[in-house]
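**Q**
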Amino acid sequence: MNKILVLEDEPMLQDMMSSYLESSGYEVVSTDNYEEALSLAYESKFDLFIFDVKITRGNGFELLDELRNSGVGTPCIFATSLNAMSDVTSGFKVGCDDYIKKPFELAELLLRVQNILKRNFNHNQNDEFITINNELKFDILQKRLLKGDKMVPLAKKESELLALFLKNKNTILTRDDIYSQIWDMGEMPSELSLRVYIRNLRKIIGNEKIISHSKLGYEYVS
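Quick note on full-length UniProt numbering: the sequence shown kicks off at 1 and runs consecutively.
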């Protein structure tokens, strides 16, 4: 049974969403505030988040951004009355997977939930963990680097960069390839920052794993 965290501060809508999803076969945990949602997301494993944006004592965008920066890659749907293009862009920049505008039909929400969970399930059928060496493995779904059972701290862009390298083993990635994948729309790519991320990754996984090709780019070698 898939487990869903619903963050919605309008009591009637929260109850309707939770009841409808439970009747459709999902386990649902619901809350109406930022801090409790954050604690729940850290303490339990969820298969999907559904976050309202304008919530009590916080903001859904900020909540997901905090979770993503902590290495939590659980897929997320934003449910919101905001409809400006800048709001949609903000949602996807912090790592959401889908967006549904209020007011919405519960049947539409269910279709979006089913679509994301199906996609996630198919992903999980592949190898979720990629072995780097005898000590390190990378959770490609959650974008977490693990040493044994303990998570190795990485900055958000470092984990995204490592994921990109592991998906393109033994292939030279140009700087433009990396910039387009790691830097969000509207962000200014930085050669200096990229070098710092590369240096930090090399310290952890080994200098020999990431090769610099002059005037071409970088290559992760397996």
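Think of the CB as a built atom: it goes at the ideal place given N, C-alpha and C, for glycine as much as any other residue.
Could you give the residue range of the alpha helix (DSSP H) that holds residue 177?
**A** Locating residue 177 in the sequence shown gives position 177, where the first residue counts as 1. Unbroken alpha helix (DSSP H) run through residue 177: 175 to 182.
**Q** Does the Cβ-Cβ distance between residue 226 and residue 161 come in under 7 angstroms?
**A** A question about residue 226 goes unanswered here, because the residues of the chain that appear run from 1 up to 222.
**Q** Taking the straight line between their C-alpha atoms, what separation do you get for residue 8 and residue 57?
**A** Within the sequence shown, residue 8 is the residue found at index 8, counting from 1. Within the sequence shown, residue 57 is the residue found at index 57, counting from 1. For residue 8 and residue 57, the distance between alpha carbons rounds to 12 angstroms.
**Q** Give the straight-line distance between the Cα atoms of residue 14 and residue 152, rounded to the nearest whole angstrom.
**A** Walking along the sequence shown from the start, residue 14 turns up at place 14. Walking along the sequence shown from the start, residue 152 turns up at place 152. Distance between the alpha carbons of residue 14 and residue 152: 36 angstroms.
**Q** Which residues bound the alpha helix (DSSP H) around residue 165?
**A** For this step, residue 165 is matched to residue 165 along the sequence shown. 156 to 167 is the extent of the alpha helix (DSSP H) around residue 165.
**Q** Three-state secondary structure (DSSP) at residue 118?
**A** For the purposes of this step, residue 118 is taken as the residue at position 118 of the sequence shown. Residue 118 falls in the helix class under three-state DSSP.
**Q** Within the continuous beta strand (DSSP E) that includes residue 238, where are the two ends?
**A** Lying outside 1 to 222, the shown extent of the chain, residue 238 is not represented and no answer is given.
**Q** Look at the alpha carbon of residue 198 and the alpha carbon of residue 204, and state the distance between them as a whole number of angstroms.
**A** If you number the sequence shown from 1, residue 198 lands on position 198. If you number the sequence shown from 1, residue 204 lands on position 204. Those two C-alpha atoms are separated by around 10 angstroms.
**Q** Extract the residue ranges of the alpha helix (DSSP H) inside the UniProt domain "Response regulatory" (3 to 117), only unbroken runs of 4 or more that lie entirely within it.
**A** 11 to 23, 34 to 43, 60 to 69 and 85 to 93
**Q** Taking all protein chains shown into account, do 16 or more other C-beta atoms lie within 10 angstroms of the C-beta of residue 207, making it buried, or fewer, making it exposed?
**A** Against the sequence shown, residue 207 aligns to sequence position 207. Counting Cβ neighbours within 10 Å, residue 207 comes out exposed, since fewer than 16 surround it.
**Q** Just checking my contact of residue 52 with residue 80 at CB under 8 angstroms: how many whole Å lie between their CB atoms?
**A** Locating residue 52 in the sequence shown gives position 52, where the first residue counts as 1. Locating residue 80 in the sequence shown gives position 80, where the first residue counts as 1. About 6 angstroms separates the two Cβ atoms, so the contact holds.
**Q** On a CA-only basis, which of 147, 3, 119 and 97 is nearest residue 132? Give me that one, please.
**A** Position 132 of the sequence shown, counted from the start, is the residue given in the question as residue 132. Nearest option by C-alpha distance: 147.
**Q** Report back the beta-carbon spacing between residue 166 and residue 220 to the nearest angstrom; my notes put them in contact at under 8 angstroms.
**A** What you label residue 166 is simply residue 166 of the sequence shown in a count that begins at 1. What you label residue 220 is simply residue 220 of the sequence shown in a count that begins at 1. Rounded, the Cβ-Cβ distance is 7 angstroms, consistent with contact.
**Q** Taking the alpha helix (DSSP H) that residue 203 belongs to, which residues open and close that run?
**A** As a position in the sequence shown, residue 203 is number 203, starting the count at 1. First-last of the alpha helix (DSSP H) with residue 203: 191 to 205.
**Q** Just list the residues that DSSP pairs residue 130 with in beta bridges.
**A** For the purposes of this step, residue 130 is identified with residue 130 of the sequence shown, where counting begins at 1. According to DSSP, residue 130 bridges with 138.
**Q** Should residue 103 go down as buried or exposed, given a rule of 16 or more other Cβ atoms within 10 Å for buried?
**A** Taking the first residue of the sequence shown as position 1, residue 103 is located at position 103. Residue 103 should be labelled exposed.
**Q** Give the straight-line distance between the Cα atoms of residue 36 and residue 42, rounded to the nearest whole angstrom.
**A** Stepping through the sequence shown from its first residue, residue 36 is reached at position 36. Stepping through the sequence shown from its first residue, residue 42 is reached at position 42. The straight-line gap from Cα to Cα measures roughly 10 angstroms.
**Q** Take the Cβ of residue 143 as the centre, count every other Cβ of all protein chains shown within 10 Å, and call the residue buried at 16 or more, exposed below.
**A** Taking the first residue of the sequence shown as 1, we reach residue 143 at position 143. Burial call: buried.
**Q** Are the beta-carbon atoms of residue 61 and residue 39 separated by less than 7 angstroms?
**A** Taking the first residue of the sequence shown as position 1, residue 61 is located at position 61. Taking the first residue of the sequence shown as position 1, residue 39 is located at position 39. It is not a contact, given that the beta carbons lie outside the stated cut-off.
**Q** So which of 75, 115, 215 and 179 has the shortest CA-CA distance to residue 6?
**A** Position 6 of the sequence shown, counted from the first residue, corresponds to residue 6. Checking every option, the nearest Cα to that of residue 6 belongs to 75.
**Q** Hey, residue 112 and residue 55: beta-carbon distance below 7 angstroms or not?
**A** Here residue 112 is taken as the residue at index 112 of the sequence shown, counted from 1. Here residue 55 is taken as the residue at index 55 of the sequence shown, counted from 1. Contact flag unset, no.
**Q** If we ignore side chains and look at the alpha-carbon of each, how far apart do residue 169 and residue 222 end up?
**A** For the purposes of this step, residue 169 is taken as the residue at position 169 of the sequence shown. For the purposes of this step, residue 222 is taken as the residue at position 222 of the sequence shown. So the two alpha carbons sit approximately 6 angstroms from each other.
**Q** In the DSSP assignment, find the beta strand (DSSP E) that holds residue 1 and state where it starts and stops.
**A** Along the sequence shown, read from residue 1 onward, the residue named residue 1 stands at position 1. Taken as a continuous stretch (DSSP letters only), residue 1 belongs to no beta strand (DSSP E), as it is neither H nor E.
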